[in-house]
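FYI, the numbering for the sequence shown is 6 to 604, going by the working numbering. Notes follow the structure.
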Amino acid sequence: MSNGRRLTTDTGTAILHLIFVASFIVLLATGLRIAADDPVTSWLIVLDPILPMKEVWFWHLISGLIFLCAFAAYIAYLFRARITSRVAFDRSRLYALFRFGKAQLSAFSVAVYWGLIIFVFVEIVTGIMLFLGFGGRIGEIHLHAMWFGIATICLHIASHYAIGGSRQLMRVVRPAPLLLPPPPPDFAELLAEQLQFRQGGLVQAANAIPASGTAARSRKPLRLHPILVALLVGAGCAGLAFGLEGATRSVLRVGRIEPAAAPVLDGDLREQAWSNATPVTINTTQGGDFGGTGQSAVEVRAVHDGTYAYFAFVWTDPTRSLKHMPLIKTKSGWEIAAPEQALHGEAHYHEDKFSVLLARSTLRLIGSAIQLSAAPRRDRPASSSGRGLHYTSDESVADVWVWRASHGGLDGHIDNCHFAAAAEPTADQAVGRASYKGGFAVDPGQPTAYLSNAEAASSDANSGKVVPKRLPRNISRAMQSLGEFSSSPRESDSENARWWMTEAESYPYSAVADAPIPTGTVVPGIVSANATAMGTTSIRGVARWAAGRWTLEIARKLDTASKFDVPIETGILLWVAAFDRSDTRHTRHLRPLILEIDR
Numbered sequence: 006m007s008n009g010r011r012l013t014t015d016t017g018t019a020i021l022h023l024i025f026v027a028s029f030i031v032l033l034a035t036g037l038r039i040a041a042d043d044p045v046t047s048w049l050i051v052l053d054p055i056l057p058m059k060e061v062w063f064w065h066l067i068s069g070l071i072f073l074c075a076f077a078a079y080i081a082y083l084f085r086a087r088i089t090s091r092v093a094f095d096r097s098r099l100y101a102l103f104r105f106g107k108a109q110l111s112a113f114s115v116a117v118y119w120g121l122i123i124f125v126f127v128e129i130v131t132g133i134m135l136f137l138g139f140g141g142r143i144g145e146i147h148l149h150a151m152w153f154g155i156a157t158i159c160l161h162i163a164s165h166y167a168i169g170g171s172r173q174l175m176r177v178v179r180p181a182p183l184l185l186p187p188p189p190p191d192f193a194e195l196l197a198e199q200l201q202f203r204q205g206g207l208v209q210a211a212n213a214i215p216a217s218g219t220a221a222r223s224r225k226p227l228r229l230h231p232i233l234v235a236l237l238v239g240a241g242c243a244g245l246a247f248g249l250e251g252a253t254r255s256v257l258r259v260g261r262i263e264p265a266a267a268p269v270l271d272g273d274l275r276e277q278a279w280s281n282a283t284p285v286t287i288n289t290t291q292g293g294d295f296g297g298t299g300q301s302a303v304e305v306r307a308v309h310d311g312t313y314a315y316f317a318f319v320w321t322d323p324t325r326s327l328k329h330m331p332l333i334k335t336k337s338g339w340e341i342a343a344p345e346q347a348l349h350g351e352a353h354y355h356e357d358k359f360s361v362l363l364a365r366s367t368l369r370l371i372g373s374a375i376q377l378s379a380a381p382r383r384d385r386p387a388s389s390s391g392r393g394l395h396y397t398s399d400e401s402v403a404d405v406w407v408w409r410a411s412h413g414g415l416d417g418h419i420d421n422c423h424f425a426a427a428a429e430p431t432a433d434q435a436v437g438r439a440s441y442k443g444g445f446a447v448d449p450g451q452p453t454a455y456l457s458n459a460e461a462a463s464s465d466a467n468s469g470k471v472v473p474k475r476l477p478r479n480i481s482r483a484m485q486s487l488g489e490f491s492s493s494p495r496e497s498d499s500e501n502a503r504w505w506m507t508e509a510e511s512y513p514y515s516a517v518a519d520a521p522i523p524t525g526t527v528v529p530g531i532v533s534a535n536a537t538a539m540g541t542t543s544i545r546g547v548a549r550w551a552a553g554r555w556t557l558e559i560a561r562k563l564d565t566a567s568k569f570d571v572p573i574e575t576g577i578l579l580w581v582a583a584f585d586r587s588d589t590r591h592t593r594h595l596r597p598l599i600l601e602i603d604r
């Protein structure tokens, strides 16, 4: 029976336990938010009201680093304070597991502690691997280790409660001075004393012992307090992590070429300019299909001629996907040819896409423009995808280039866009008639290269009923240009397929023109506008697909003098993302490339 004595723990354990708990809470909350964005664990969206929404990736990484440093500090503290016996799972504790009583509870508590050690180790190792660009099974292990960790923490709390009730649990917030156990006997000193006894006799040895002990104490080196040593180890671990991260970042060298040697934008990298350029490969993960892997390796090259910068991106994609929300005529009218009814959802028919993000190093790194949750800002409309919005939390601007396979991408058009602060919604966005994009927008003054061919037939955007804005002048020829029509995600669209039509090949919709069109007719969901000349801020790019890879060449002025563009100069950060017939679910990587411009 307890005597009511106030239970305490040593100050070092209390401090490190507090750091562990605080960092784990942030890790868990941000990790659950990230996991809720995955289709496999999308049921976690039920926690949406209580999970963080802004800059989730940034805080997940920072708290992960603190967690790592706290773990290193705690290991150092255990040894420096000579308290490893608390957690030693020796033979006696193994036997105690099979006996009833307090010894069994204590042994079980130590076994659970080792479960926590395994959880922490696996999370740290897989977290570092994910940060470095590994994906696939590593992400699954990281997620499953989190569930194991939550269960183990619950057992950890329950075992301590079983040992001593709430008093046992509260001792961790009641610090007391550390009582260092005596060090283990020094074998050399014991041997020396025995030799003194044998050589000089009992009396002389006895007289010599105090002097020897005094001399030993006088020679004893200064010992730092265990908690100070632990904190120094944790700080050193943080410094090492930051130093290694900075030293191992990939640098993309943008070599200088003569203007006459500028590459032709045709999706073919056999020119001399690209042969001399040093490629950098990035493994992007956690995306859409990509043959079931969710990953795509992206090879990047860059050169410049003093006026324009030229980039070549080659990424793996097992299928050429050109279909983007085509329209099909049914007995009840026109519909989006997709298994999902929501016009803005992650539907089956989407083209391949690729995006590039440029940012100054002054913008908070990693995930600063990614705000997860269906409605990250309560004073703004929810995202149409339900996955979150892109916007920055201040007036910083990140430059975004978006290539779309069927939105003029095969004819040289690249969308010049940006991320900025969350915009005020339009009247249509406020009531849900139009999709709200947060801080993502096309740069002002950019030419209109395409338009959507679908117009909602009613105010109910989820009804699936649409009206084409334009109809092909020649239905038969338009159907032939689509190539072989297949809904299988494992089949590529043919090389010459055109899942768009031009304004010249079509005319405005009318009920009279629609009447003779037979049921089952499919028309493109995109209308390509007339080609426009390349302006000061325009981006041009051409892509070609072959043998399971897209090759995209892009050209843009080094400095457009636009406040919505980031200049291409040394120190600029670059990220890429690949979409496999996906609207929003793209691959990603956490560590950016750093541009280095040759002069």
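No residue lacks a Cβ here, since even glycine has one placed at the ideal position from N, Cα and C. All of these numbers come straight from a predicted model, not from anything done at the bench.
Fully enclosed beta strand (DSSP E) runs of no fewer than 3 residues occupy 403 to 409, 420 to 424, 445 to 447, 455 to 457, 459 to 461 of the region 395 to 468, in order along the chain.
DSSP places residue 87 in the coil class of the three-state scheme, outside both helix and strand. For residue 304, the enclosing beta strand (DSSP E) begins and ends at 301 to 309.
Between residue 504 and residue 476, the C-beta gap is not smaller than 8 Å, which leaves the two residues out of contact.
According to the DSSP assignment, residue 123 belongs to no beta strand (DSSP E) but to the alpha helix (DSSP H) extending over 107 to 136. The straight-line gap separating the alpha-carbon atoms of residue 443 and residue 419 is approximately 21 Å. Inclusion of residue 506 and residue 529 in the CB contact set at 8 Å is warranted, their separation being smaller than that value. Sorting 138, 470, 499, 397 by C-alpha distance to the C-alpha of residue 428 places 397 at the top. Shown here for residue 577: same chain residues with a beta carbon closer than 8 Å to its own, the five before and five after excluded, namely 363, 364, 365, 366, 571, 599, 600 in chain order.
By the Cβ rule, the region 137 to 144 does not count as touching the region 113 to 127, because fewer than three pairs are nearer than 8 Å.
Closest by C-alpha distance to residue 131, out of 146, 482, 331, is 146. The DSSP-derived three-state label of residue 320 is strand.
Under the 10 Å beta carbon count, residue 354 is surrounded by 16 or more other beta carbons and is classified as buried.
Short of 7 Å from the beta carbon of residue 167, and not among the five residues preceding or following it, lie these beta carbons of its own chain, in chain order: 110.
Ranked by Cα distance from residue 282, the options 309, 165, 381 are led by 309.
The three-state reading of DSSP puts residue 505 in coil, since its state is none of H, G, I, E or B.
Our two residues, residue 24 and residue 13, have alpha carbons roughly 18 Å apart in a direct line. Contact between the region 116 to 124 and the region 34 to 50 is absent: fewer than three C-beta pairs spanning the two stretches fall below 8 Å. Between residue 575 and residue 582 the beta-carbon gap is near 23 Å, outside 8 Å, which marks them as no contact. Residue 174 has its alpha-carbon roughly 20 Å from the corresponding atom of residue 184.
Listed in chain order, the beta strand (DSSP E) runs fully inside the region 270 to 294 are 285 to 289, counting runs of at least 3 residues. At the C-beta level, residue 261 and residue 561 stay beyond 8 Å of one another. Rounded to whole angstroms, residue 274 and residue 259 show a C-alpha spacing of 16 Å.
Between residue 305 and residue 289, the C-beta spacing is not below 8 Å. Residue state for residue 571 is assigned as coil, using DSSP reduced to three classes. Comparing alpha carbon positions, the residue from 155, 276, 549 closest to residue 37 is 155. Within the same chain, and ignoring the five residues on either side of residue 94 in sequence, the residues whose Cβ sits closer than 7 Å to its Cβ are 115, 116, 119. The C-beta separation of residue 356 from residue 326 comes to about 6 Å, placing the pair in contact by the 8 Å criterion. Judged by DSSP in its simplified three-state form, residue 141 adopts coil rather than helix or strand.
The Cβ atoms of residue 421 and residue 408 lie no closer than 8 Å to each other. Beta-carbon to beta-carbon, residue 77 and residue 21 are separated by about 10 Å, too far to satisfy the 8 Å threshold. Around the CB of residue 404, 16 or more other CB atoms lie within 10 Å, so the residue is classed as buried. Going by beta carbons, residue 480 and residue 524 fall outside the 8 Å limit. No residue range can be given for residue 521, since it is assigned to no alpha helix (DSSP H) and is classified by DSSP as neither H nor E.
At a Cβ-Cβ threshold of 8 Å, residue 320 and residue 495 do not count as neighbours. In this structure residue 378 is in contact with residue 58, their Cβ atoms being roughly 4 Å apart against a cut-off of 8 Å.
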